[in-house]
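All remarks here apply to the structure that follows.
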Amino acid sequence: MSQTVELTGQTGTVVRSSVVKKIVKNPLGLLALAILAVMVGLAVFANFLAPFDENFANIGKTLAAPGGENLLGTDSVGRDVWSRLVFGARTTLLSALLCAAVAIAIGLPAGLIGGYYGGKFDAAANWVTNVLMSLPGIIVLLTVRAAMGPSVWISMVAFGILISPGYFRLTRTAVQSVRNELYVDAARVAGLSDAAIISRHIFSVVRAPIIIQTSMICGVAIAIQSGLEFLGLGDPTVATWGVMLNEGFKNVYLNPLLLVWPAAAIGLTIGALVLLGNAIRDALEDADKIKAPKRGTGAAGAAERVRPAQGASGSAVETGTEHHLVKVSHLGVGYPQADGSVKKVVDDVSFHVDRGEVLGIVGESGSGKSQTAFSILGLLPEAARIVAGSIQFDGKYTVAPTDDRVSQTRLSEFRGKRISYIPQEPMSNLDPAFTIGHQLVTPMVRVLKISKAEAKERALKLLDDVGIRFPEKTFNAYPHEVSGGMAQRVLIAGAISCEPDLIIADEPTTALDVTVQADVLDLIRDLQKRLNVGVILVTHNFGVVADLCDRVAVMQNGRLVEDGPVREILRNPKDPYTRKLLGSMLEGKEPMTMLVSTGAPAAKPEDEKEAVL
Amino acid sequence: MTRTQGKPSGVENQGENLLTVSGVDVEYPLKGFRRKPFRALTDINIHIKQGETLGLVGESGSGKTTLGRAILGLAPISRGSVVFEGNDITQAGRKQRRSLGRDLQVVFQDPYTSLNPSLQIGDILAEPLGVQGKSPDAARKRVRELLDQVGLPSDAINRLPREFSGGQRQRVAIARALALSPKLIVCDEPVSALDLSTQAVVLDLFLQIQRDTGVSYLFVSHDLDVVRHISHRVAVMYHGEIVEQGTSEQVTRDPQHPYTQRLLLASPVPDPDRQAKRRNDRHELLAAQRLTAAVTA
Amino acid sequence: MLNFILKRVGAGVVVLAAISFFTYILLYFSSTNIARNILGEYASQEQVAAKEIELGLDQPLLTRFFDWARHAITGDFGTSWFNSESVVQAITTRLPITLTLVVVSIVCIAVVATLLGMAAAVKRGWIDRLVQGAAVVGDAIPNFVLGIILVTIFAIQLQLFPATSSIAPDSGANAWVLSMTLPVIALVINGVTSSAQQIRSAVIKQLEKDYVRTLRSRGISEREILFKHVLRSAAPAGLTVLSLQFVGMLGGVVIIEQIFALPGMGALAVQSTTMGDIPLVMGVVLYTVIIVIIVNLLVDLINGWLNPKVRVS
C-alpha cells in the first residue's frame, strides 16, 4: 500500500507545479500573489516593521498628519496608524486562516463521507447544511458574541462553522460526480479498500476546488470580521483593520484619511484573494482545455481535428456552374488558435445535393463531417471561421467566397423554412421546460405565419405522420415523459413541419437502439420519398448509408477522400481509407478471425493513424 | 417462453464451468417509504467455461450491463447464486473480492471515464498489482510486459490518459484487466464508444489475448454483429430476462425468440440491394409477429 | 401542490424549533450577570436576587426554554428585559425599514444583474470584461466599506444626502427616499457585481445546450430563444444566487443600518445582543429565520413552476 501512496504524491506534484507556473505567468495571478506576499510579510515581521506597540498612545499627538516618526499619522488617541495597520495584518490574516481551517475541518470530511456513502449521515448532514445556510451570518455572530464575549478567535471559529456547508456541498458534489465513475468501479473490482479509493481517486478531484474555495472564503472571513469590529463589537485591545475603520468613521469629520488605510488594506487583501482564486481556476481549466484537443483526444469527437494535407486533393466532385439545391465548393472551416495559427477541421470539401436526393457523408469521429453539415445550417460554434470556399443554396450564396463566417442574415431566410435539421441526441435537443406541442407549434407560427390553432392542427397531423400512436397525448407531454425513440420522431416531425427542401440529419439514429433505429430509418425514407426533399445524412454507419442514400461522400481528417453513387462506393471503393473502413465491418466476416491484423498483438494500423494526429 | 440451449446450467458440468450464475435476481431499493424495489434482473441462468466467450446482447435498459456488474459485486443480488471456480461469490465481502480481483476482471465501455484522468498510465496499471502486494519493482516490470502485450509503447508509463486516443485508452483498460492474469474478464460494451476501424483493431486484440492466455470473456454489447464475431455462445436479454441462449451460430442464424428475430433483421447491412431485401424481410417479420400477437391476445 | 407547501412549512417549523433551541442554549451561558446589568451597579444583592427570580433566571435551562416556547407559539415573545417594551412591537416597528431596504435592493439587483449577466453572456466583448472585472472589485470591497466610502464622499464631503438619516414618522416621502438612496446603492452595487457574473455563467451554460442549436435551426429568432427558452432554463440558477444574496443581505444590512443610522432591525440586533436581552435576541433571530424560510419556500415554488420535471414529482 505504501507504493500507492508514493505514486499518488508523485503525480500530484507534477500537476501542481505546472499549475503554479501558469498562475505566475498570468499577470493578475502574479499581482495577487505579490499583494498577498506583502501582506503576509507585514504580518510576520510586524515586530520589526512597526515603530510602536499597537496600543501605545501618545496623548499629546492625536490625529497627526502623516510624516515624521508617524508614517501614516496618528489616530484620535495618538496611536501610530502604521503600527496598528501592520499588527492588524497579523490578526486579520490569522483569523481568516482560522476560519477557513475550521470550515475545512468540518466540511471536507463530512462531504467526503456524505458524498461517498450517502445514506443517513448524508441526509442528516444535508439537513444541517440547509439550516446553517438559511441563517443570516452576522445575526448569529452577534448572538455568539453575546454568549461568548468579544473575541476575534471565537467569532471566527463560529463563522467557520457557519460557512462549513460551502465546503460540505462542494466536496459532496465533487465526490458524487466521481463516485460512480468507471475508474472507481475498476478500483473496487481490483479490491481497493474504501479508504484507499477515497485517498487515491476521490481526494484528488476535490483538492483543486477546495483550494479555490479557500481563497474566496478567506476574503469573506476578512470582510465579516472587519464588519463585526466596525460595529464596535470587536476586542478593543487588539488592533485590527475593522477596529481601525470604526475608529476612523468616528472621526470622519475631522480626518477622513484615517478611513483610507484600513479600507485600502481590506480591499487589497480580499481583492488579491479573489484574483488568486480566479487565477487558480483559470490555470486548472486551461490545463484541461488546451491539452486535450492538442493531443488529439478531444472527448467524444467534440473537437474535430485535421491532418495536414497530404498529397493530392481528394475532391472528386465537379464544381461547375450547374444549378443545385445546395452546392458546397472547396469549403474550409477552421478554428483560430492561441498561437495565431488556424486549425483546419474541414479542408477543401466540395459536393452538391439536389431535391429528392439523399447524400450520405460518412466518416469517423474527427473527420469533419458534422462541421461540414453545420456550415450549411450556419450553426457552427462561435469560434469557427470559414477559411475557404463557398456554399450556395438554391443558387444564392449563404457563404460567399470571401466570407469568413456564415452570414446569419442571409441564412435566416432559409433556415427553418427551406433547410431543416434532425439532431443526433433526441433528449437533449428538446427544451425540457416546454411541452412537445409548444415546441412544434411555435416554429410554424413564426415561419409559416399561421394561427396557433391552425399550427396545432398541423402539429397533430405531423405527429400522426411520424408514427406516433396518440398524437394528442404526446402533443401535451413534456420531453421527459416520452421515450428516446418517440423524442426522435418528434424532432423529425419538427424538421418537416415547415415543408423544407433540404433536411440535414446529423447521425439521426446513432443514439437509438438497433430496432428503434430501423423504424426511424423507415420513417425518414418514407418522408423523403413523399415530400421529395433533399437529404444530407451524416453518419458513421455504412449500413445506414446503404439503407437510405443515393450518393456517398467519405470524409477523413477534414478532407473528402472519395464520393460517388452508393453502389459504386460500397462495392468498389477506390480510396484505401474507404476500403479500410468497409474492411472493418463485421457483417459477412468469419467469426473469431482477425479483422485487420495477422496475429501479432501490436496492431499497427490504428497507431499509424493516431500518430499523425 | 424461452429456449435454453442444453441443460440448465449449474445442474451438470458444474466442475467444468468457470462461472455459474443460477436464478439470480437483482433489485434496487427505491427511495420512499415501503416502495417496492425496482427489479432489474429476473431469474438469470448463465455459465461460462474456461477459455470460452459468452456474448450478452440486448437493447438499452435490458439489464445486460447490470448482469456484468452483479457478477463483479457492483449490483445488489437479491436471489440466486454466483459461483466462480467452485466458490460462492454471491455476497462476497471486501476481503474475498480482493483475492477475487486476481481472477475476475473488467473492461468498461467508456475509455474516457474508466481511467482516472489524474493518474499516469503506469500508476493505473500498477493499481491492481499493488493491491495484491506486488513490490514496486516487480509491478514496474509487469507494467512494461502489459504495455507490450496490448501494443502500446513503453514510454506510455509516464503519460496521462488524456494524451491517448479512445482506442489507445481502451488498450490501457484491457492491460489493467490483464495485469493479474485473470481467468475471466467481464467486458461491458468495450468497443461501442470506438470508431469502426478502431473497433476492428480492438476486437482483434481481444481475440489474440484469448488465444494467448486462454482467458474467458463475458462480452456485453448491444451490437449483434460484434457479439457474433467474438463469442462462442450468445445469450439474448430483453426486459431483464434472458430470452434465448445458445451457440453463436444457432442464435444469429436461426433465432427463436421474436425479439432476437427482430434484432437480427434490424441491423442494416452495407449494401443497398441486400439491405433492401433485409428491410423487406423485416417488414414481413413485423407483420407476422403482429398477426401472432393479435391471434394470441 | 398543497401537499408540497404543507410539507415545506412543516420542515420549516422543525428548523425554526431547532434554531430556537440552540440559540436559547447559547444565550443561557451569557445570562449570568443579566440582573446586575439591568439594575445597575448600585443595586443591592437582594434586589438582584429578586430580579433574577422575576426573570426566571433561577429556573433550570429546559424549564426556561419551554416556558418561553409555550408563549412564543401563541405569538407572545415576551417583553424586553431592559425597557419593558413588547418584543413583537419592538420588532414590528423596525422591521419595515429593514425589509424595505432589503426588498428594494434585491429587486434592483435581480433586474440589473439579469440584464448585465445576459448581455455579458450574449454579446461578450467589453461588457463581458466589465462584468467579470466588476465581480472582482465588488467581491474585494465589502458592502459596509462601500457604504462608508459613499457616506464620506456624498454625504459628508459633497453633502448631497443626509449623513445620518433618521426616519421620523412625520418626515415626508421625499426625505424617506433621500435617506434610503445611499444604503440601497451600497447594497445593490455589491449584489449586482457578484450576481451578474453567476447569471452570466448560467446563461452561457444554457446557450451551449443542444436544444438551443435545434431551436435556431427551426428559424426561431435569437431574441425569442434568449428570453423565452434560455432565460427560463437559467432562472433556477439565478434564483439560487438571489436567495443566497437575500440571506446574506439580512445580515449585512445590520452594518449598513449602523453606518447610515437607520433605526431598523440591525440596530435592535446589535443593541439586544450587546446587553444580553434574551427575549429581544430570540425575537430578532426568529423573525429573521422566518423571513428566510418564507423566501426559500417562494424560491422552491417558482422553481417548481419553471421546471416541469420537478412539478410532476
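Chains as they are written, first to last, in the numbering used here: chain A, 1 to 613; chain B, 1 to 297; chain C, 1 to 313. All C-beta atoms in this analysis are idealised placements derived from N, C-alpha and C, irrespective of residue type, glycine included.
Whole-number beta carbon distance between residue j and residue i, since they are thought to touch under 8 Å
| i | j | result |
| --- | --- | --- |
| B:Gly55 | B:Ser267 | Their Cβ separation, rounded to whole angstroms, is 14 Å, which puts B:Gly55 and B:Ser267 out of contact at 8 Å. |
| A:Ile492 | A:Leu521 | That belief does not hold up - the Cβ atoms of A:Ile492 and A:Leu521 are roughly 11 Å apart, past 8 Å. |
| A:Ala614 | A:Phe351 | Absent from the structure is residue 614 of chain A, since the part of chain A shown begins at 1 and ends at 613. |
| B:His283 | B:Gly58 | At roughly 23 Å, the Cβ-Cβ gap does not stay under 8 Å, so B:His283 and B:Gly58 are not in contact. |
| A:Ile163 | A:Val184 | No, A:Ile163 and A:Val184 are not in contact; Cβ-Cβ is about 29 Å, not under 8 Å. |
| A:Met39 | A:Thr269 | 5 Å |
| A:Gly73 | A:Val81 | 5 Å |
| C:Phe154 | C:Phe161 | 5 Å |
| C:Met330 | C:Phe77 | Outside the modelled stretch of chain C, which goes from 1 to 313, sits residue 330 of chain C, for which no answer is possible. |
| A:Leu595 | B:Asp204 | 6 Å |
| C:Ala196 | C:Ala120 | 7 Å |
Distance CB(residue i)-CB(residue j) smaller than 8 Å
| i | j | result |
| --- | --- | --- |
| C:Ile189 | A:Leu259 | no |
| A:Gly467 | A:Val387 | no |
| B:Ile174 | B:Val150 | yes |
| B:Gln120 | B:Arg171 | no |
| C:Val284 | A:Ile450 | no |
| C:Ile293 | C:Leu250 | no |
| A:Leu170 | A:Ile210 | yes |
| A:Ser226 | A:Gly242 | yes |
| A:Val144 | C:Leu26 | yes |
| A:Lys327 | A:Gln371 | no |
| C:Val151 | C:Ile259 | yes |
| A:Val353 | A:Ile536 | yes |
| C:Val241 | C:Leu116 | no |
For residue i, the residue or residues it bridges with in DSSP
| i | result |
| --- | --- |
| A:Arg559 | A:Gln556 |
| B:Thr247 | B:Arg233 |
| A:Ala21 | The sequence shown places Lys at residue 21 of chain A, not Ala. According to DSSP, which records beta bridges pairwise, A:Lys21 is partnered with nothing at all. |
| A:His352 | A:Lys327 |
| A:Asp343 | According to the sequence shown, residue 343 of chain A is Lys rather than Asp. The partner list for A:Lys343 (beta bridge, DSSP) reads A:Tyr335. |
| C:Thr79 | C:Ser86 |
| A:Thr74 | A:Asp80 |
| B:Glu27 | B:Arg39 |
| A:Phe121 | Answer is none; A:Phe121 lacks a bridge partner. |
| B:Gly58 | B:Met237 |
Buried/exposed call for residue i, threshold 16 Cβ in 10 Å
| i | result |
| --- | --- |
| A:Gly298 | For A:Gly298, the predicted model reports a pLDDT of 33, less than 50, meaning its position is unreliable; a value from the coordinates is still stated below. Its Cβ being crowded by 16 or more others within 10 Å, A:Gly298 is buried. |
| C:Val270 | buried |
| A:Gly360 | buried |
| C:Trp305 | exposed |
| A:Ser18 | exposed |
| C:Arg200 | buried |
| A:Ile290 | Only weak support is given to the placement of A:Ile290: the predicted model assigns it a pLDDT of 39, under 50, and the value that follows is read from those uncertain coordinates. With fewer than 16 other Cβ atoms within 10 Å, it is exposed. |
| A:Val44 | exposed |
| B:Thr296 | exposed |
| B:Val186 | buried |
| A:Pro426 | buried |
> Does the segment 431-440 of chain A come within contact of the segment 226-240 of chain C, defined as at least 3 CB pairs closer than 8 Å?
Replying inline: Contact between the segment 431-440 of chain A and the segment 226-240 of chain C is present: 3 or more CB-CB pairs across the two stretches fall below 8 Å.
>> Assess contact between the segment 398-409 of chain A and the segment 502-510 of chain A, defined as three or more Cβ pairs (one per stretch) separated by less than 8 Å. Is contact present?
In response: Short answer: they don't touch.
> Counting pairs of Cβ atoms below 8 Å between the segment 95-102 of chain B and the segment 188-196 of chain A, do you hit three or more?
Replying inline: Enough Cβ pairs lie closer than 8 Å, so yes.
>> Count Cβ pairs between the segment 41-55 of chain B and the segment 90-97 of chain B that sit closer than 8 Å; are there 3 or more?
In response: Result no; under three Cβ-Cβ pairs closer than 8 Å.
>> I'd like to know if the segment 156-170 of chain A and the segment 97-108 of chain A are in contact, where contact means that at least 3 CB-CB pairs between them fall below 8 Å.
In response: Output reads yes: the segment 97-108 of chain A touches the segment 156-170 of chain A.
> Do three or more CB pairs link the segment 365-381 of chain A to the segment 474-489 of chain A at distances below 8 Å?
Replying inline: With a cut-off of 8 Å on Cβ pairs, the segment 365-381 of chain A is not in contact with the segment 474-489 of chain A, counting fewer than three such pairs.
> Is the segment 93-102 of chain C in contact with the segment 45-54 of chain C, if contact means three or more CB pairs nearer than 8 Å?
Replying inline: Counting Cβ pairs under 8 Å, fewer than three are found: no touch.
>> For the pair the segment 254-272 of chain B and the segment 536-545 of chain A, tell me if three or more CB-CB distances fall below 8 Å.
In response: By the Cβ test, the segment 254-272 of chain B is in contact with the segment 536-545 of chain A, since at least three Cβ pairs between them sit closer than 8 Å.
> Contact between the segment 417-426 of chain A and the segment 207-215 of chain C: three or more CB pairs below 8 Å?
Replying inline: The segment 417-426 of chain A, when compared against the segment 207-215 of chain C, does touch it at the 8 Å Cβ threshold.
>> Across the segment 225-239 of chain B and the segment 576-595 of chain A, are there enough close Cβ pairs to call them in contact, namely three or more that are closer than 8 Å?
In response: Result yes; three or more Cβ-Cβ pairs closer than 8 Å.
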